[in-house]
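Asker:
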Amino acid sequence: DPIVFIHGNPTSSYLWRNIIPHVDHLGRVIAPDLIGMGDSDKLDNTGPANYKFEEHCKYLYNLFENLELWNVHFVVHDWGSALGFYWSQLNPKRVKSITYMEAITGPIESWEDWPEVARNIFQAFRSDAGEELILEKNIFVERILAGDGKLSEEDLEIYLAPYKIPGEDRRPTLTWPREIPIAGEPDYMVAIAESYAEFLSTSDIPKLFINADPGSILVGNQREKARLWNNQREVTVKGGHFVQEISPDDIGGHLADFIASFK
23 DPIVFIHGNP
33 TSSYLWRNII
43 PHVDHLGRVI
53 APDLIGMGDS
63 DKLDNTGPAN
73 YKFEEHCKYL
83 YNLFENLELW
93 NVHFVVHDWG
103 SALGFYWSQL
113 NPKRVKSITY
123 MEAITGPIES
133 WEDWPEVARN
143 IFQAFRSDAG
153 EELILEKNIF
163 VERILAGDGK
173 LSEEDLEIYL
183 APYKIPGEDR
193 RPTLTWPREI
203 PIAGEPDYMV
213 AIAESYAEFL
223 STSDIPKLFI
233 NADPGSILVG
243 NQREKARLWN
253 NQREVTVKGG
263 HFVQEISPDD
273 IGGHLADFIA
283 SFK
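Using the working numbering, you'd call the opening residue of the sequence shown number 23 and step up by one each time.
(1) For Val51, which residues in the same chain have their Cβ closer than 6 Å to its Cβ, ignoring the five residues on either side in sequence?
(2) Excluding the 5 residues preceding and the 5 following Ser223 in the sequence, name in chain order all residues of the same chain whose CB lies nearer than 6 Å to its CB.
(3) Just verifying my parser: in three-state terms, what is the DSSP assignment at Asp209?
(4) So, are the CB atoms of Pro218 and Tyr108 less than 7 Å apart?
(5) Could you check if Ile214 is buried or exposed, using at least 16 other CB atoms within 10 Å of its CB as the buried criterion?
(6) Output needed for Asp272: all residues of its chain with C-beta closer than 6 Å, excluding positions within five of it in sequence on either side, in chain order.
(7) Between which two residues does the beta strand (DSSP E) carrying Pro236 extend?
(8) Phe284 lies in the alpha helix (DSSP H); which residues open and close that run?
(9) Taking the Cβ atom as the reference point for each residue, do Phe144 and Pro194 lie within a distance shorter than 7 Å?
(10) Which first and last residues belong to the beta strand (DSSP E) in which His95 is found?
(11) Whole angstroms are fine: how far does the CA of Thr197 sit from the CA of Asn67?
(12) Across which residues does DSSP place Ala125 in a beta bridge pair?
(13) Between which residues of its own chain and Gly242 is the CB-CB distance below 7 Å, once the five residues before and five after are set aside?
(14) Give the C-beta separation of Phe231 and Glu267 to the nearest angstrom, bearing in mind that I take them to be a contact with Cβ-Cβ under 8 Å.
(15) Going by DSSP, what residue range makes up the beta strand (DSSP E) through Lys80?
(16) Would you decide whether Asp100 is buried or exposed? Buried here means 16 or more other CB atoms lie within 10 Å of its CB.
(17) Please classify Gly69 as buried or exposed, where buried requires at least 16 other C-beta atoms within 10 Å of its C-beta.
(18) Evaluate Val98 with the Cβ neighbour count: other Cβ atoms within 10 Å of its Cβ, from every protein chain shown; 16 or more gives buried, anything less gives exposed.
(19) CA-CA distance, Val233 and Met123?
(20) State the start and end residues of the unbroken beta strand (DSSP E) segment that holds Pro24.
(21) Which of the three DSSP states, helix, strand or coil, is assigned to Ile187?
As structure tokens, this is what we get:
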């Protein structure tokens, strides 16, 4: 059975490097890089309309069709969670389990539910200042990813590699924060997140919620709602948003136990 790892912003499949070895004997591991990220190609002639959720869906879901995926065990984080959750809603009979951490489990009702330390900077990304902050200054990768302070120089260099050139090469890392369904905007993402959250709350698909402590985005109201999802077990590991960099062995152990339980 395929074990499909989907990363989010601004990382790549490299995020899963220390977790995959825990489960690679349990199935066929697939860990793509999203378009314009990691080692995947950039799109041509891009602008503000590119790298939106629907465009990522088009490419990623086509990959899944080409690989003829069935009995999928999803392992998802950040925007990768939204992509995996939505595909699961569209193809429920093809999903065997979902493991998620620091995920977008539904619309975020207000900015009060977004981490206080990140509130101002994310509001700036969604304003006219976003282009300068990200396309010119590379703030998303250099401040938000590196800000955890847990990455070696070598690891940081690998994450930075796709975004070395100022301008459109960095566009994915700007579009993503503008897509977060928060305080009613953007409305199409609010509708999609509402829809998959409602599906997952009642779906029989087995779920493993890996709760990050202290965590970052899947806390407070968001976490309490996700805890009500049907057919779900929960474990807690240490870490902030990029919890895979802090507790890869704990995550890998829990994931291996969970996937092995289906054998």
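We treat Cβ as the ideally placed atom computed from N, Cα and C, and that holds for glycine.
Answerer: Once the coordinates are examined:
(1) Excluding residues within five positions, the ones whose Cβ falls inside 6 Å are Ile25, Ile42.
(2) When the five nearest sequence neighbours on each side are left out, the beta carbons in the same chain lying within less than 6 Å of the beta carbon of Ser223 are those of Trp251, in order along the chain.
(3) When secondary structure is reduced to three states using DSSP, Asp209 falls in the helix class.
(4) Sequence inspection shows Tyr at residue 218; the Pro mentioned does not correspond to that position. A contact, by the Cβ cut-off of 7 Å.
(5) That one is buried.
(6) So the list reads Val259, once near-sequence residues are dropped.
(7) First-last of the beta strand (DSSP E) with Pro236: 229-236.
(8) No residue range can be given for Phe284, since it is assigned to no alpha helix (DSSP H) and is classified by DSSP as neither H nor E.
(9) No, they are not a contact pair.
(10) 94-100 is the extent of the beta strand (DSSP E) around His95.
(11) Asn67 and Thr197 have their C-alpha atoms roughly 15 Å apart.
(12) For Ala125, which the question treats as bridged, DSSP gives the partners Asp100.
(13) For Gly242, where only same-chain residues beyond five positions count, the Cβ hits under 7 Å are Asp135.
(14) Phe231 to Glu267, Cβ: 19 Å. No contact.
(15) Following the DSSP letters along the chain, one finds Lys80 in no beta strand (DSSP E) but inside the alpha helix (DSSP H) bounded by residues 75-88.
(16) The residue is buried, with at least 16 neighbouring Cβ atoms inside 10 Å.
(17) Exposed, because fewer than 16 other Cβ atoms sit within 10 Å of the Cβ of Gly69.
(18) Of the residues assessed, Val98 falls on the buried side of the cut-off, its CB having 16 or more other CB atoms within 10 angstroms.
(19) Reading off the sequence, residue 233 comes out as Asn, not Val. Per the coordinates, the alpha-carbon of Asn233 lies some 6 Å from the alpha-carbon of Met123.
(20) Counting along the chain, the unbroken beta strand (DSSP E) around Pro24 starts and ends at 24-28.
(21) Correct three-state label for Ile187: coil.
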